[in-house]
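Heads up: the sequence shown begins at 0 in numbering that gives the first Met the number 0, then just goes up one per residue. Backbone N, C-alpha and C fix where the C-beta goes; we use that ideal spot for every residue, glycine too. Bear in mind that the values here come from a model prediction, so they are computed numbers and not experimental data. Right, one structure below, let's go through it.
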Amino acid sequence: MIAGEHSGDEHGARLIRELRQRSPNLAVAALGGPEMAAAGADLLYDLTASSVVGLVEVLKHYGFFRSLFDATRGWIETHRPRAVLFIDYPGFNLRMARALRDSGVSVKGGGSVRTLFYISPQIWAWKASRRFSMARDLDALATIFPFEVACYADTSLPVEFVGHPFLAEDHALAVRYDPDAPVLLLPGSRRQAVSRIFPVLLAGYRAWGGKRGASVLFPSPTIESILRASHPPESVQLLPTGTEVTASAVLTSSGTMSLVCALAGVPGAIAYRANPLTYVMGKWLVKVPYLGIANLLLQDAMYPEYLQGAATPEALAAELRLCLDDPERRARTQAQKVELQARLRQPFGQSAASWLLRQLDGPATKAR
């Protein structure tokens with residue numbers, strides 16, 4: 000398994016635990032993170048510790064990723080696992096799928112190693128043409144959003160919707176809604192993004208007046224040090240990811256945790272700042288009306304989005320006031336939560352683990 004981000008590490012860990020229940024002798028090696036290691040994977044490298052986002056940031060670390068890529072491909076070619084499961088992280092993973100086909104290691108290249116993908120790249124936002132190279136290089140794909148199946152309808156790639164992992168029976172959301180709780184500030188899990196976004200969230204909280212405490216979740220000591228460098232006041236509590244928190248409102252980046260909060264019914268807003276060059280290129284390439292996944296699923300701004308220069312302390316403070324003081328805003332968020340949960344719930348009898356075991360036991364079949 001190859002997962003390059005903290006969210007992928009968590010999804011991979013949940014998948015490993017279910018696989019071990021169904022097939023106790025199944026051996027799993029991984030590039031991932033501490034969650035996958037704790038679930039029983041033989042962790043070859045902690046890739047989550049090296050997570051970067053954006054074109055400029057990736058180019059800065061090109062030499063490192065090139066060396067890691069070559070070492071990973073060499074390990075796969077030497078050990079020939081039954082399958083390689085790519086979990087999200089398309090920049091690295093899709094290149095690896097192609098390399099395994101080109102070298103004759105994968106089934107699509109005439110070899111024995113099945114290449115499977117869990118959590119589709121966002122081809123509905125940009126690089127839609129990747130679906131054809133994915134069909135060429137992969138044996139099967141499992142999606143966590145129902146609308147993504149149709150995105151591959153004009154390819155030969157077998158695609159199935161397996162439900163969102165946040166709504167799996169064994170998963171408890173890390174955030175609960177309580178109108179009397181502190182507010183929540185969620186700047187993300189990547190170093191560069193956190194260093195840009197957290198000061199903005201903190202400024203919005205201060206402009207609102209800090210009328211109640213705030214909680215901030217961090218995934219690693221590195222991120223914690225970045226948070227502390229912004230000198231948050233004593234009313235802002237830094238907590239490790241995995242800590243269950245209650246929240247009355249949230250200011251969040253557009254990442255995974257924004258969906259967690261939406262599914263929990265916490266009213267809030269999205270703030271995001273990227274490297275200016277990355278933002279300009281992204282605005283040119285990405286053709287979707289929203290950045291937040293809950294907004295995309297609902298085709299409505301459940302979480303109003305403030306990007307780049309629009310993410311001002313005054314705008315974010317105004318959002319906090321609405322989330323906490325406007326009964327209509329709170330009621331609307333609760334109704335949207337119910338709709339989101341219905342759209343993302345796991346199909347009856349289906350899960351990512353059952354999909355994966357079927358891929359290991361026989362040839363993939365086109366989902367109907």
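Where residue i sits in the DSSP three-state scheme
i	result
residue 243	coil
residue 99	helix
residue 54	Because the pLDDT of residue 54 is 46, which lies under 50, any placement of that residue in the model is unreliable, and the number read from its coordinates should be weighed accordingly. Residue 54: helix per DSSP, three-state reduction.
residue 105	strand
residue 71	helix
residue 77	helix
residue 332	helix
residue 366	Low confidence applies here, because residue 366 scores a pLDDT of 37, under 50, leaving its location unreliable and the question unanswered by this model.
residue 255	helix
residue 351	helix
residue 289	coil
residue 196	helix
residue 358	helix
residue 7	helix
residue 18	helix
residue 132	helix
residue 155	coil
residue 203	helix
residue 188	coil
residue 324	helix
residue 345	coil
Straight-line gap, residue i to residue j (C-alpha atoms, nearest Å)
i	j	result
residue 166	residue 16	16 Å
residue 246	residue 47	27 Å
residue 206	residue 270	15 Å
residue 346	residue 172	19 Å
residue 10	residue 179	31 Å
residue 338	residue 288	19 Å
residue 374	residue 63	Past the boundaries of the shown model lies residue 374; the chain is included only from 0 to 367, so the question cannot be answered.
residue 51	residue 4	Because residue 51 carries a pLDDT of 49, less than 50, the predicted location of this residue cannot be relied on, and the following value inherits that uncertainty. Using only the alpha carbons, I get a separation of about 9 Å.
residue 222	residue 190	6 Å
residue 336	residue 263	7 Å
residue 373	residue 144	Since the first and last residues shown for the chain are 0 and 367, residue 373 lies out of range.
residue 199	residue 322	18 Å
residue 308	residue 358	46 Å
residue 85	residue 257	23 Å
residue 203	residue 311	7 Å
residue 229	residue 201	8 Å
residue 18	residue 37	14 Å
residue 268	residue 32	29 Å
residue 40	residue 92	18 Å
residue 160	residue 128	20 Å
residue 73	residue 45	17 Å
residue 234	residue 290	30 Å
residue 209	residue 6	29 Å
residue 326	residue 164	30 Å
residue 272	residue 224	19 Å
residue 259	residue 360	33 Å
Beta carbon of residue i nearer than 9 Å to that of residue j
i	j	result
residue 181	residue 214	yes
residue 261	residue 318	no
residue 244	residue 175	yes
residue 320	residue 266	no
residue 79	residue 102	no
residue 188	residue 254	yes
residue 71	residue 95	yes
residue 108	residue 99	yes
residue 30	residue 14	no
residue 8	residue 34	yes
residue 83	residue 196	no
residue 250	residue 315	yes
residue 105	residue 136	yes
residue 306	residue 21	no
residue 146	residue 123	yes
residue 252	residue 300	no
residue 81	residue 113	yes
Per DSSP, cross-strand counterpart(s) of residue i
i	result
residue 86	2 and 117
residue 265	For residue 265, which the question treats as bridged, DSSP gives no partner whatsoever.
residue 214	183 and 236
residue 160	142
residue 270	305
residue 31	45
residue 176	246
residue 383	Residue 383 lies beyond the stretch modelled for the chain, which goes from 0 to 367, so this question has no answer here.
residue 221	The partner list for residue 221 (beta bridge, DSSP) is empty, contrary to what the question assumes.
is_contact[residue i, chain B] using C-beta, thresh 9 Å
i	result
residue 164	Reference to chain B is not applicable here, since this structure consists of a single protein chain.
Any non-hydrogen atom of the ligand SAH within 8 Å of residue i CB
i	result
residue 86	In the structure on display, the ligand SAH does not appear, and there are no ligands present to speak of.
*asked:* Assess contact between the segment 106-119 and the segment 139-147, defined as three or more Cβ pairs (one per stretch) separated by less than 8 Å. Is contact present?
replied: Result yes; three or more Cβ-Cβ pairs closer than 8 Å.
*Report yes or no: do the segment 229-242 and the segment 350-359 share at least 3 C-beta pairs separated by less than 8 Å?*
Note that the segment 229-242 does not touch the segment 350-359; fewer than 3 beta-carbon pairs, one per stretch, sit closer than 8 Å.
*Any 3 or more C-beta pairs closer than 8 Å across the segment 211-225 and the segment 150-162*: Because the criterion of three Cβ pairs below 8 Å is not met, the segment 211-225 and the segment 150-162 do not touch.
*So, do the segment 128-136 and the segment 23-35 have three or more beta carbon pairs nearer to each other than 8 Å?*
The segment 128-136 vs the segment 23-35: no contact.
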